[in-house]
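Protein chains in written order, with the working numbering: chain A, 20 to 368; chain B, 109 to 272.
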């Protein structure tokens with residue numbers, strides 16, 4: 020399953036779109052719950068199955084849901100689930116205990132609706148580059164259309180009711196994934212993260228688990244979902260993301276002015292390592308790819324395409340390697356295959 | 109026989125009380141009898157009786173809303189995991205969670221989009237829903253809320269009759 024996704028060119032991971040050299044992608048998510056059922060964490064398997072079935076029976080009539088597939092997570096193999104996770108189409112939570120969980124996925128990977136995750140519906144729209152508005156419009160249309168078939172849990176004074184109190188209200192989470200190597204390099208990133216936390220925006224690493232930001236990718240999202248309208252939440256996030264983008268541009272200029280030679284040295288060393296390595300962990304690969312990507316943005320290197328580089332960020336993850344090889348890879352074997360794939364891609368240019 | 113209350117004077121009054129279905133005999137002296145009859149009198153006034161009721165209900169009240177009847181989540185469960193069990197939990201734990209929501213979001217006023225199906229919801233489900241809420245309000249002795257719900261219910265039922 021999903022082999023065709025590997026060759027998807029025009030997804031939100033494509034690295035196209037406005038300001039995509041720094042703002043890799045945008046995403047807007049709405050959480051919704053059926054009013055007549057307990058939330059998934061408290062629902063029985065039968066209740067979850069009913070929800071799954073009722074969504075299955077209406078999703079083809081919902082606007083914007085064309086060219087989509089409907090999946091029952093228990094019918095998706097573990098490696099495929101991991102693959103979807105690595106493509107950020109499902110969450111960690113959605114990987115676990117697949118029974119009763121579902122996914123509606125558009126074939127261009129720009130829409131993903133998780134069913135029976137923490138909430139009955141977690142509807143997400145993605146876009147490459149800086150395009151929160153488009154994401155919002157897409158998901159808002161789906162929400163309006165879905166609401167004609169489903170009674171959502173809603174209170175006039177509190178808005179949409181969600182499993183976690185941090186999502187109640189608009190139940191909207193907007194986020195952008197930013198590549199911030201220069202801010203990381205100049206150690207200004209900590210100050211930026213601190214400031215973001217102060218004004219109630221959450222930041223986390225995009226790759227890997229926990230707070231460690233591998234490959235200098237950071238995901239910035241709103242934390243407040245009550246008291247602001249949806250467009251306000253999105254505008255606020257857009258404003259903040261724009262600021263951080265400007266900070267990164269500043270830091271890049273400083274790097275170019277003050278440390279040009281050191282920077283060039285780093286970029287070419289990373290290029291050398293990636294083109295010649297025989298074993299490489301994903302952590303190491305991500306850090307070299309990050310430097311290479313900065314080198315590409317700053318015109319230090321121009322023999323590789325952004326598309327190829329962005330694709331590498333994704334396909335060097337464990338489940339992707341195994342999908343490409345079409346077999347299960349042991350942990351030690353992965354580093355070998357990873358190195359091989361990177362070499363092939365970078366030397367083939 | 110010494111007085112059961114002060115244990116000092118000779119008991120001259122023999123009082124039989126029924127407390128919690130048990131017959132309790134008390135032997136009291138003259139002085140303590142005065143105090144006791146005063147107490148008895150007060151106990152018999154209506155406000156006193158009501159306070160007693162409300163008091164017992166108070167402890168009761170603390171237990172009832174702490175469990176959502178729809179999904180079975182207790183407030184203790186919520187405190188442990190910080191996850192609600194269903195939409196109704198928001199009403200059941202209202203008093204407890206409002207400060208929490210305020211803390212998280214800095215606001216308690218929803219200004220987002222209105223659910224498109226709200227209208228539909230009002231007409232189709234709400235008679236049933238309102239009845240459940242009304243029953244709960246009576247149980248919790250939230251009479252103001254109960255009165256409001258009763259009026260709302262009446263209006264709605266009339267409306268539905270008319271539209272039929």
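The beta-carbon is built from N, C-alpha and C at its ideal position, and this holds for glycine as well.
Treat the numbers as computed from the prediction; the structure is a model and nothing was measured.
Outcome for residue 161 of chain B when other beta-carbon atoms lying within 10 angstroms are tallied against a minimum of 16: Below a pLDDT of 50, predicted positions are generally treated as unreliable, and residue 161 of chain B, at 38, falls in that range; the measurement from the model is reported next regardless. Looking at its Cβ environment, which holds fewer than 16 other Cβ atoms inside 10 Å, residue 161 of chain B is exposed.
Chain-ordered chain B contacts of residue 142 of chain A [CB-CB under 9 Å]: Ordered by position in chain B, no residue passes the 9 Å Cβ test against residue 142 of chain A, which lies about 14 Å from the chain.
Helix, strand or coil at residue 148 of chain A [DSSP, three-state]: coil
C-beta neighbour in chain B for residue 362 of chain A, strict 8 Å: no
Same chain, Cβ closer than 6 Å to residue 268 of chain B, neighbours up to 5 away in sequence not counted: none
Supposed close pair residue 12 of chain A, residue 361 of chain A - CB separation, criterion 8 Å: A question about residue 12 of chain A goes unanswered here, because the residues of chain A that appear run from 20 up to 368.
Cross-strand partners of residue 194 of chain B (DSSP beta bridge): Residue 194 of chain B is not bridged to any residue.
Whole beta strand (DSSP E) elements within the region 270–309 of chain A, 3-residue minimum: none
Three-state class that DSSP yields for residue 118 of chain B in the structure shown: strand
Residue of A/172, A/179, A/180, A/244 minimising C-alpha distance to residue 54 of chain A: A/172
Proximity test, Cβ basis, 8 Å: residue 81 of chain A and chain B: no
Contact belief for residue 97 of chain A with residue 189 of chain A at Cβ below 8 Å, rounded distance in angstroms: With 8 Å as the limit, residue 97 of chain A and residue 189 of chain A do not qualify as a contact, their Cβ atoms being about 34 Å apart.
Enclosing beta strand (DSSP E) for residue 236 of chain A [first to last residue]: 236–241
Residue environment, residue 280 of chain A, which counts as buried when at least 16 other CB atoms sit within 10 Å: exposed
Interface partners of residue 386 of chain A on chain B, CB under 7 Å: Since the first and last residues shown for chain A are 20 and 368, residue 386 of chain A lies out of range.
9 Å Cβ cut-off: residues of chain B touching residue 243 of chain A: 212, 213, 214, 215
Cutoff 8 Å: residue 141 of chain B Cβ touching any chain A Cβ: no
Residue 188 of chain B: contacting residues in chain A (beta-carbon distance under 8 Å): Per Cβ cutoff of 8 Å: no residues; residue 188 of chain B is ~12 Å from chain A at best.
Sub-8 Å separation of residue 212 of chain B and residue 175 of chain A beta-carbons: no
Beta-carbon proximity check, residue 99 of chain A vs residue 21 of chain A, cutoff 8 Å: yes
Where residue 191 of chain B meets chain A, residues with beta-carbon distance less than 7 Å: 60, 182, 183
Exposure label - residue 37 of chain A; buried when at least 16 CB within 10 Å: exposed
Cβ pair residue 90 of chain A, residue 122 of chain A closer than 8 Å: yes
Alpha helix (DSSP H) segments (min. 4 residues) lying fully within the region 74–145 of chain A: 97–105, 111–114
Between the CA atoms of residue 242 of chain B and residue 256 of chain B - distance to the nearest angstrom: 9 Å
Residues within the region 44–55 of chain A neighbouring chain B, beta-carbon criterion of under 7 Å: 52, 54
Short CB-CB distance (under 8 Å) between residue 219 of chain B and chain A: yes
C-beta neighbour in chain B for residue 255 of chain A, strict 8 Å: no
Straight-line Cα distance separating residue 247 of chain A from residue 220 of chain A: 14 Å
Spatial distance of residue 216 of chain A from residue 285 of chain A (CA atoms): 31 Å
Contacts of residue 135 of chain A in chain B (Cβ-Cβ under 9 Å): The premise fails here: residue 135 of chain A is roughly 14 Å from chain B at the closest Cβ pair, so nothing lies under 9 Å.
Per DSSP, cross-strand counterpart(s) of residue 211 of chain A: Paired residue(s): none; residue 211 of chain A is not in a bridge.
Contact list for the region 329–342 of chain A against chain B, Cβ threshold 7 Å: none
Proximity test, Cβ basis, 8 Å: residue 172 of chain A and chain B: yes
Boundaries (first-last residue) of the beta strand (DSSP E) holding residue 223 of chain A: 220–224
Outcome for residue 370 of chain A when other beta-carbon atoms lying within 10 angstroms are tallied against a minimum of 16: Beyond the ends of chain A as shown, which are 20 and 368, falls residue 370 of chain A; an answer cannot be given.
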